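S.K.:
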Amino acid sequence: MVYVSLEERQRYDRDMERKTEFDAAAEEQYYKEEVAMRLFAEGVDTPFISRVTGLTEAEIEALREGS
(Lines of atoms letter the chains of each structure in order from A and count residues from 1; the text may use other names and numbers.)
(Lines give C-alpha, C1' and ligand atoms only; values in the text may rest on other atoms or scores of the structure.)
Protein backbone atom coordinates (compact mmCIF):
# COMPACT_ATOMS: atom_id res chain seq x y z
CA MET A 1 0.00 0.00 0.00
CA VAL A 2 1.31 3.47 -0.88
CA TYR A 3 0.82 6.30 1.55
CA VAL A 4 0.68 9.85 0.26
CA SER A 5 0.84 12.80 2.57
CA LEU A 6 -2.03 15.25 2.62
CA GLU A 7 0.30 17.97 1.36
CA GLU A 8 1.37 15.83 -1.61
CA ARG A 9 -2.25 15.03 -2.42
CA GLN A 10 -3.24 18.70 -2.25
CA ARG A 11 -0.33 19.64 -4.52
CA TYR A 12 -1.35 16.94 -7.00
CA ASP A 13 -4.98 18.10 -6.95
CA ARG A 14 -3.92 21.73 -7.46
CA ASP A 15 -1.64 20.75 -10.37
CA MET A 16 -4.43 18.75 -12.01
CA GLU A 17 -6.82 21.68 -11.59
CA ARG A 18 -4.32 24.01 -13.27
CA LYS A 19 -3.75 21.50 -16.07
CA THR A 20 -7.50 21.27 -16.66
CA GLU A 21 -7.77 25.07 -16.82
CA PHE A 22 -4.80 25.26 -19.20
CA ASP A 23 -6.24 22.55 -21.44
CA ALA A 24 -9.61 24.32 -21.58
CA ALA A 25 -7.96 27.62 -22.50
CA ALA A 26 -5.88 25.94 -25.22
CA GLU A 27 -8.97 24.24 -26.64
CA GLU A 28 -10.87 27.54 -26.68
CA GLN A 29 -8.00 29.25 -28.49
CA TYR A 30 -7.90 26.43 -31.05
CA TYR A 31 -11.61 26.79 -31.80
CA LYS A 32 -11.33 30.57 -32.10
CA GLU A 33 -8.53 30.11 -34.61
CA GLU A 34 -10.58 27.54 -36.55
CA VAL A 35 -13.54 29.94 -36.75
CA ALA A 36 -11.24 32.75 -37.82
CA MET A 37 -9.74 30.64 -40.61
CA ARG A 38 -13.19 29.61 -41.86
CA LEU A 39 -14.38 33.21 -41.88
CA PHE A 40 -11.20 34.27 -43.66
CA ALA A 41 -11.83 31.58 -46.31
CA GLU A 42 -15.30 33.08 -46.84
CA GLY A 43 -13.79 36.51 -47.48
CA VAL A 44 -14.84 38.13 -44.20
CA ASP A 45 -12.77 41.15 -43.19
CA THR A 46 -10.33 41.15 -40.27
CA PRO A 47 -12.16 43.63 -37.98
CA PHE A 48 -15.33 41.52 -38.13
CA ILE A 49 -13.41 38.30 -37.45
CA SER A 50 -11.79 40.02 -34.49
CA ARG A 51 -15.16 41.05 -33.05
CA VAL A 52 -16.64 37.57 -33.50
CA THR A 53 -13.73 35.53 -32.18
CA GLY A 54 -12.13 37.88 -29.67
CA LEU A 55 -8.77 37.42 -31.39
CA THR A 56 -6.71 40.52 -32.03
CA GLU A 57 -6.25 41.69 -35.59
CA ALA A 58 -2.53 40.87 -35.25
CA GLU A 59 -3.37 37.28 -34.25
CA ILE A 60 -5.71 36.97 -37.24
CA GLU A 61 -3.08 38.32 -39.63
CA ALA A 62 -0.56 35.84 -38.22
CA LEU A 63 -3.03 33.02 -38.91
CA ARG A 64 -3.49 34.25 -42.47
CA GLU A 65 0.27 34.34 -43.04
CA GLY A 66 0.60 30.84 -41.65
CA SER A 67 -2.06 29.34 -43.89
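The sequence shown begins at 58 in my numbering and counts up by one.
Even for Gly, the Cβ is constructed at its ideal location relative to N, Cα and C.
Here the structure is a predicted model, which means the values were calculated and not measured.
Ignore the nearest five residues each way along the sequence and tell me which others in T110's own chain have a CB closer than 6 Å to its CB.
M.R.: K89, V92 and A93
S.K.: Tell me the DSSP secondary structure of T113 in three-state form.
M.R.: Here T113 sits in coil by DSSP.
S.K.: Let's test the definition: count the other Cβ atoms within 10 Å of the Cβ of L63 and tell me whether it reaches 16, buried, or not, exposed.
M.R.: exposed
S.K.: State yes or no: is the C-beta of R121 within less than 9 Å of the C-beta of F97?
M.R.: yes
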